[in-house]
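Encoded as structure tokens, the structure appears first; notes follow it.
Here's what the structure looks like:
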């Protein structure tokens, strides 16, 4: 995961190969952006003789501390070619409660 500032925006990028927006949850609240998901490994085919299997399967959660004031409407998320980019534009009123951020697929 990379977190950086770009033109006044906070940008979070994560590589999530073979995952779709339905596999990922993004929540905003309590001063954090939380990204979580679950990647399910395909079942081993019995008629194949594997020498090695190294693809990741399992769940993950990342909590990213946010600036004190962030508007829900200023948070966007896009999943493109296995890379999730969450962008937080500028500052606004403080967010209360948890809000789910939708992910666009392109």
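Numbering (this note's numbering), first residue to last: 1260 to 1365.
Just so you know, even glycine gets a beta-carbon here, dropped at the ideal spot from N, CA and C.
Three-state secondary structure (DSSP) at residue i?
| i | result |
| --- | --- |
| residue 1279 | coil |
Give me the Cα-Cα distance between residue i and residue j, rounded to the nearest whole angstrom.
| i | j | result |
| --- | --- | --- |
| residue 1318 | residue 1334 | 23 Å |
| residue 1210 | residue 1310 | Within the shown structure, residues of the chain are numbered from 1260 to 1365, placing residue 1210 beyond reach of any answer. |
| residue 1337 | residue 1320 | 18 Å |
| residue 1340 | residue 1279 | 10 Å |
| residue 1292 | residue 1362 | 14 Å |
| residue 1260 | residue 1307 | 34 Å |
Between residue i and the rest of its own chain, which residues show a CB-CB distance below 6 Å, the 5 nearest in sequence each way excluded?
| i | result |
| --- | --- |
| residue 1270 | 1263 and 1346 |
| residue 1285 | 1294, 1336 and 1360 |
Is the Cβ of residue i closer than 8 Å to any Cβ of chain B?
| i | result |
| --- | --- |
| residue 1341 | The chain inventory of the structure shown lacks chain B, comprising one protein chain alone. |
Along the chain, where does the beta strand (DSSP E) containing residue i start, and where does it finish?
| i | result |
| --- | --- |
| residue 1336 | 1334-1339 |
| residue 1292 | 1291-1298 |
| residue 1274 | 1268-1274 |
| residue 1342 | 1342-1348 |
Go through its chain and collect everything with a Cβ distance to residue i's Cβ below 8 Å, but skip five positions before and after it.
| i | result |
| --- | --- |
| residue 1342 | 1272, 1273, 1274 and 1275 |
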